[in-house]
Amino acid sequence: MQKIIGIVLTFILWSSTYIWAQGIAKVGTAGYQFLKIGVGARGVALGNAVDPMINDASAMFWNPATLNFVENASLFLNHSEYLADMRFEGFAFAKKINRVGVVGVNLVYLDSGPIEETTEFQQNGTGNTFSAVSYSIGISFARMLTEQFGVGGTVKYVSEDLTSGLGEDNRTGAWAVDIGTVYFPGFTLFPSLRMTMAIRNFGPEVRLKGTYYDFNGIKGVFEDYPSEYKYFPLPLTFRFGIGYDPIDRENQKLTIAVYGEHPNDNLERVNMGAEYIFNNIIALRGGYILNHDTRTFSAGVGFNIGLFGNSRLKIDYAYAHYGVLEDVQVFSFVFDW
Numbered sequence: 001m002q003k004i005i006g007i008v009l010t011f012i013l014w015s016s017t018y019i020w021a022q023g024i025a026k027v028g029t030a031g032y033q034f035l036k037i038g039v040g041a042r043g044v045a046l047g048n049a050v051d052p053m054i055n056d057a058s059a060m061f062w063n064p065a066t067l068n069f070v071e072n073a074s075l076f077l078n079h080s081e082y083l084a085d086m087r088f089e090g091f092a093f094a095k096k097i098n099r100v101g102v103v104g105v106n107l108v109y110l111d112s113g114p115i116e117e118t119t120e121f122q123q124n125g126t127g128n129t130f131s132a133v134s135y136s137i138g139i140s141f142a143r144m145l146t147e148q149f150g151v152g153g154t155v156k157y158v159s160e161d162l163t164s165g166l167g168e169d170n171r172t173g174a175w176a177v178d179i180g181t182v183y184f185p186g187f188t189l190f191p192s193l194r195m196t197m198a199i200r201n202f203g204p205e206v207r208l209k210g211t212y213y214d215f216n217g218i219k220g221v222f223e224d225y226p227s228e229y230k231y232f233p234l235p236l237t238f239r240f241g242i243g244y245d246p247i248d249r250e251n252q253k254l255t256i257a258v259y260g261e262h263p264n265d266n267l268e269r270v271n272m273g274a275e276y277i278f279n280n281i282i283a284l285r286g287g288y289i290l291n292h293d294t295r296t297f298s299a300g301v302g303f304n305i306g307l308f309g310n311s312r313l314k315i316d317y318a319y320a321h322y323g324v325l326e327d328v329q330v331f332s333f334v335f336d337w
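Written as structure tokens, this is what we have:
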């Protein structure tokens with residue numbers, strides 16, 4: 001068992017060393033940007049520093065190792081009115097299997113809505129509309145290898161069609177993998193401390209199907225021969241952080257988390273979040289992201305409603321501030337039983 005843990009940690013550290021070694025912001029060099037959008041009102045409200053707190057099916061979107069916190073079965077639904085009137089949806093289902101682990105399926109979907117087509121000759125519009133559609137569908141598995149150390153992984157298929165509705169085949173698709181770990185050090189002074197690490201969106205370089213005609217700036221005309229689209233990487237991201245409960249009583253609980261995050265197409269960021277739960281019924285949340293291009297603070301609220309038996313319905317709302325851009329609101333529903 002110690003050898004397995006050592007192999008997992010070695011892979012995570014090797015991968016993270018590669019990512020952090022990039023050193024400069026490479027904005028615009030990675031595709032599939034929808035994979036970087038936070039899924040779930042709880043995570044968004046906490047400034048994306050949600051990994052050590054999450055205990056439902058939405059764990060698959062942050063760190064698959066935290067699926068180990070699912071007690072039995074969990075169904076997750078997400079809706080977000082994203083930037084520029086885009087629609088962002090999420091779905092996940094997880095089930096714990098005794099002596100095996102936790103298995104799950106997940107789906108995210110981003111739709112730009114109708115966009116008017118224009119060309120170099122019809123700059124006021126052709127009368128046609130199209131939309132940019134992106135989605136990811138995956139399966140996840142998590143297991144505690146010891147009482148203190150757990151692992152998890154997600155294998156997913158991701159796809160984008162940037163000209164949906166025009167009859168052009170500009171789609172692209174690829175596989176991607178998320179790998180995560182969770183560790184409870186068991187410190188006497190900080191018994192609730194947990195540490196998580198995750199590599200997200202590890203996969204091959206991809207390119208759009210079809211061809212395009214490049215513009216010759218010297219001649220001021222388009223080239224006569226078509227060119228193929230260039231390859232681009234997935235938005236590979238490394239996350240590492242800790243969570244701790246400074247208050248953990250029967251009627252109230254306070255959790256704080258701090259995370260370091262580094263994408264392969266931008267600089268390092270620090271995510272901070274805090275959640276206060278009263279009587280296991282209402283939760284108040286706040287978060288902040290340092291060194292982000294536009295996003296700064298976020299906040300949210302959640303309600304935990306008991307239903308029949310041990311089942312519960314959780315309703316969460318989040319507000320995220322994006323500076324000069326329009327703010328984003330997220331709604332999520334979790335049904336645990």
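Under my numbering, think of the first position of the sequence shown as 1, with each following residue one higher.
Cβ atoms here follow ideal geometry from the backbone N, Cα and C, with glycine treated the same way.
All values reported here derive from a predicted model rather than from experimental measurement.
- The DSSP-derived three-state label of Gly138 is strand.
- With a threshold of 16 other beta carbon atoms within 10 Å, Val27 falls short and is exposed.
- When beta bridges are read from the DSSP output, Gly150 appears opposite Met144 and Val182.
- In the three-state scheme derived from DSSP, where H, G and I count as helix and E and B as strand, Phe238 is classed as strand.
- For Gly273, same chain residues with a beta-carbon under 6 Å away, outside a window of 5 residues either side, are Leu46, Gly47, Ala49, Ala257 and Gly287 in chain order.
- Beta-carbon to beta-carbon, Gly203 and Glu168 are separated by about 24 Å, too far to satisfy the 8 Å threshold.
- Measuring C-alpha to C-alpha distances from Tyr109 to each of Asn128, Leu290 and Val158 identifies Val158 as the nearest.
- Going by beta carbons, Val102 and Arg42 fall outside the 9 Å limit.
- DSSP places Met60 within a helical segment (H, G or I) once states are collapsed to three.
- Collapsing the DSSP output to three states places Thr119 in coil.
- DSSP links Glu81 through a beta bridge to Arg87 and Gln329.
- Looking from the CA of Val70, the closest CA among Lys95, Tyr213, Tyr225 and Phe61 belongs to Lys95.
- For Ala41, there is no enclosing beta strand (DSSP E); the residue is part of the alpha helix (DSSP H) that begins and ends at Ala41 to Ala45.
- Between the C-alpha atoms of Leu107 and Asn304 there is a straight-line separation of about 24 Å.
- Pairing Pro233 with Tyr212 gives a Cβ-Cβ distance that is not under 9 Å.
- Contact between Asp265 and Thr29 is confirmed by a C-beta separation of about 5 Å, below the 8 Å threshold.
- Pairing Gly309 with Ala73, the inter-Cα distance amounts to about 13 Å.
- If you ignore the 5 residues before and after Gly260, its C-beta comes within less than 7 Å of the C-beta of Phe240, Gly241, Glu268 and Val270, all in its own chain and listed in chain order.
- In terms of Cβ geometry, Tyr276 and Lys253 form a close pair [threshold 9 Å].
- Between Ala176 and Pro64, the alpha-carbon positions lie close to 13 Å from each other.
- Exclusion of the five residues before and after Leu193 leaves Phe184, Pro185, Phe187, Ile242, Gly243 and Tyr244 as the residues of its chain whose Cβ lies within less than 8 Å of its Cβ.
- Collapsing the DSSP output to three states places Lys36 in a helix.
- Listed as beta-bridge partners of Asn106 by DSSP are Ala92 and Gly138.
- Boundaries of the beta strand (DSSP E) around Thr255: Gln252 to Pro263.
- Assignment of Asn72 by DSSP, reduced to helix, strand and coil, places it in the coil class.
- In the same chain as Gln33, and ignoring 5 residues on each side of it, the C-beta atoms closer than 8 Å to its own belong to Pro235, in chain order.
- Scanning Met197, Phe215, Glu250 and Asp248 for the CA closest to the CA of Phe238 turns up Met197.
- The three-state secondary structure of Leu67, taken from DSSP, is helix.
- Taking each of Glu250, Thr294, Glu160 and Phe149 in turn and checking the Cα distance to Leu208, the smallest one comes out for Glu160.
- Taking C-beta atoms as the reference points, Phe141 and Leu67 count as a pair closer than 9 Å.
- With 16 or more other Cβ atoms inside 10 Å of its own Cβ, Leu35 counts as buried.
- Counting of Cβ neighbours within 10 angstroms places Phe190 among the exposed residues, the total staying below 16.
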